[in-house]
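Notes follow once the structure below has been shown.
In this note's numbering, the protein residues as written are -18 to 297.
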């Protein structure tokens, strides 16, 4: 399958600090590729290198078939980039911002006007085109920023935490739009630290402390990296958490809303019964304990806290 992004042993250091530590991955054309990890994991630094905005310390990458060292201008013309922080001019209207970026990408004026109408319709910006950007809420500014990144219809779009700071309804609408882009043939490379957003991606990479700790489809990650997951409701909850964290049968236990998600070790035959027994011995009343499929948040917690041991044990 043709590749939109090819990365090999990419490194970025700032003095003695290594922000990106020898990562390698590829993205196929037409994918919604998720680049996940907590704040500070190295996601934005990686995107800035791939977009030709930051020179790597070492390593190789090709973006839309262009080399990141020798063809940065061609890369910039071939991609759309929505940075984590707003790229809009606050003293211009939404329309003026979109038209300005269209000019930067040398979109003909007539076509630029058409794109303003197309994108404003799809993103719900029709009534806001003549509003100053500085007067918009976070969610509406994010939509306007997305429009500027896509005005030239790039084959590859980099979206750096596009749903950061927006409400749940706007987040869902963003992902519906991203899904539409992919169906229309655009490759979407999206970063997020919101783990449930991973379900929208065809394939994922999870970063932690500058390194890739997992890669695969959401389903592959749930089955490969987390087994024996039990959801527990008990009282008092904090005592239940402490008791389970102290148990030698428990690999990981964490709060999950008003319940606990507990990962038992692979050798445990009946995980739910093992949880009940451990809590009973600690004098904690168990209201419910049942085996459940892990969420992507469970996967990330297991990987981030287990580190290399979890990945090594899960690898074939």
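Backbone N, C-alpha and C fix where the C-beta goes; we use that ideal spot for every residue, glycine too. Because the structure is a prediction, the values reported are computed rather than measured.
Go ahead and pull the three-state DSSP assignment for residue i.
i           : result
residue 266 : strand
residue 3   : strand
residue 74  : strand
residue 61  : strand
Considering only their Cβ atoms, is the gap separating residue j from residue i smaller than 8 Å?
i           : j           : result
residue 21  : residue 187 : no
residue 155 : residue 144 : yes
residue 185 : residue 125 : no
residue 199 : residue 179 : yes
residue 85  : residue 127 : no
residue 214 : residue 235 : no
residue 132 : residue 175 : no
When the Cα of residue i is compared with those of the options, which residue comes out closest?
i           : options               : result
residue 24  : 167, 79 and 139       : 139
residue 41  : -8, 13 and 54         : -8
residue 92  : 230, 104 and 79       : 79
residue 12  : 161, 33, 282 and 203  : 161
residue 151 : 64, 141 and 104       : 104
residue 210 : 248, 275 and 228      : 275
residue 272 : 264, -2 and 207       : 207
residue 231 : 182, 220, 259 and 83  : 259
residue 4   : 190, 213, 249 and 236 : 190
residue 220 : 28, 285, 267 and 183  : 267
residue 6   : 0, -14 and -3         : -14
residue -1  : 10, 14, 182 and 27    : 27
residue 168 : 101, 14 and -10       : 14
residue 66  : 248, 147, 242 and 216 : 147
residue 225 : 45, 257 and 195       : 257
Between residue i and residue j, what straight-line distance do the alpha-carbon atoms span, to the nearest angstrom?
i           : j           : result
residue 141 : residue 203 : 24 Å
residue 292 : residue 48  : Unreliable positioning characterises residue 292 in this predicted model, as indicated by a pLDDT of 45, which lies under 50. A coordinate reading is not provided.
residue 255 : residue 281 : 23 Å
residue 115 : residue 123 : 12 Å
residue 228 : residue 278 : 22 Å
residue 120 : residue 233 : 35 Å
residue 59  : residue 29  : 15 Å
residue 39  : residue 8   : 20 Å
residue 56  : residue 108 : 33 Å
residue 90  : residue 197 : 42 Å
residue 135 : residue 163 : 12 Å
What does a CB cutoff of less than 8 Å around residue i pick up in its chain, not counting 5 residues either side in sequence?
i           : result
residue 112 : 74 and 75
residue 77  : 70
Give every residue of the same chain whose Cβ lies closer than 7 Å to the Cβ of residue i, excluding the five residues on either side of it in the sequence, and list them in chain order.
i           : result
residue -5  : none
residue 192 : 2 and 4
residue 253 : 211, 270, 271 and 272
residue 166 : 11
By Cβ distance, which residues of its chain are closer than 6 Å to residue i, with the 5 residues on each side in sequence left out?
i           : result
residue 172 : 16, 24, 141 and 142
residue 35  : 29
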